[in-house]
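Undergrad: Under our numbering, think of the first position of the sequence shown as 1, with each following residue one higher.
No residue lacks a Cβ here, since even glycine has one placed at the ideal position from N, Cα and C.
If you're wondering where the values come from, they're calculated on a predicted model, not measured in any experiment.
A single structure is presented below for examination.
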Amino acid sequence: MTARAAAKLKVHIRRLAHGGGLPLPGYATAGSAGLDLAAAVTSDLVLPPGGRALVPTGFAIALPEGHEAQIRPRSGLAVKYGIAVLNAPGTVDSDYRGEIMVCLVNHGDRPFTIARGARIAQMVVAPVSHVDWQPAECLEATARDSGGFGSTGTNAERAGAAKGGPS
């Protein structure tokens, strides 16, 4: 038995009527982290440039407590057509029992057609940690400290520039 087979998580899945005939979410390769999700549209859906749509997948799941599913974009759709998951990653909580829907957006410059069965996103299932907040008067200092957006590595770059290094 491989490590992957031993680590499989049992998840209940319910196929909805409009998802009939479509494959269940599956891994494309043995090394895939995400399960491919297919569009359960009943007819072609055209997504115009700048447009967005909730695309049905035709199934619902019951994740075990302590797990979540993240709905993520497919890199090929993003690179080739500008198609992305608008709220990436979308979070599916363990107590949600409705249909898994994917909110796609077209950042491209041409209309994009979503056909029935087209792979539109991927779903990654992962464990969740719950937080137990510990109030503190101060936080341990780090090299980054309170530097926010765009600040990672800038202190080191400034130090290098001050010593005549690359800027």
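For Ala115, which residues of its own chain have a beta-carbon under 6 Å away from its beta-carbon, when the five flanking residues on both sides are left out?
TA: Position 115 of the sequence shown holds residue 115. Taken in chain order, the residues that qualify are Asp44.
Undergrad: Could you work out which residue in Gly147, Pro135, Gln122, Ile13 is closest to Arg74 when comparing CA atoms only?
TA: The residue labelled residue 74 in the question sits at position 74 within the sequence shown. Nearest option by C-alpha distance: Gln122.
Undergrad: Using a Cβ-Cβ cut-off of 7 Å (strictly less than) and excluding sequence neighbours within five positions of Asn106, which residues of its own chain qualify?
TA: Within the sequence shown, numbered from 1, the residue matching residue 106 stands at position 106. If we look at Asn106 and ignore the five residues flanking it on each side, its Cβ neighbours are Leu47, Pro48, Pro49, Gly50, Gly51, Gly82, Ile83, Phe112.
Undergrad: What do you get for Ile13, buried or exposed, if any count of 16 or more other CB atoms within 10 angstroms of its CB means buried?
TA: As a first step, residue 13 is located in the sequence shown; it is residue number 13 there, counting from the start. So Ile13 ends up on the exposed side.
Undergrad: What three-state label does DSSP hand Ser167 in the structure shown?
TA: Here residue 167 refers to the residue found at position 167 when the sequence shown is read from its first residue. With a pLDDT of only 48 at Ser167, under 50, the local geometry of the prediction cannot be trusted, and the value read off the model is given with reservation. Correct three-state label for Ser167: coil.
Undergrad: Is Tyr27 helix, strand or coil when you go by DSSP?
TA: Within the sequence shown, the letter at position 27 stands for residue 27. It is a strand residue.
Undergrad: May I ask you to report which of helix, strand or coil DSSP gives Val128?
TA: Counting from one through the sequence shown, the residue named residue 128 turns up at place 128. Three-state DSSP puts Val128 in coil, outside helix and strand.
Undergrad: How about Gly58 and Leu104: do their beta carbons lie closer than 7 Å?
TA: Here residue 58 refers to the residue found at position 58 when the sequence shown is read from its first residue. Here residue 104 refers to the residue found at position 104 when the sequence shown is read from its first residue. It is not a contact, given that the beta carbons lie outside the stated cut-off.
Undergrad: By alpha-carbon positions, which one of Ala141, Cys138, Asp132, Val128 ends up nearest to Pro64?
TA: Residue mapping note: residue 64 aligns to position 64 of the sequence shown, counting from 1. Residue Val128 is the option with its Cα nearest to Pro64.
Undergrad: Please work out which residues of its chain come closer than 7 Å, Cβ to Cβ, to Ala53, disregarding the five sequence neighbours upstream and downstream, and give them in chain order.
TA: As a first step, residue 53 must be located in the sequence shown, where it is residue number 53. Closer than 7 Å at Cβ, skipping near neighbours: Leu45, Leu47, Leu104.
Undergrad: For Val85, does the count of other Cβ atoms within 10 angstroms reach 16, so buried, or fall short, so exposed?
TA: Residue 85 sits at position 85 when you count from the first residue of the sequence shown. By the 10 Å Cβ count, Val85 comes out buried.
Undergrad: Under the rule that 16 or more other beta-carbon atoms within 10 Å means buried, what is Ala141, buried or exposed?
TA: Here residue 141 is taken as the residue at index 141 of the sequence shown, counted from 1. Ala141 should be labelled exposed.
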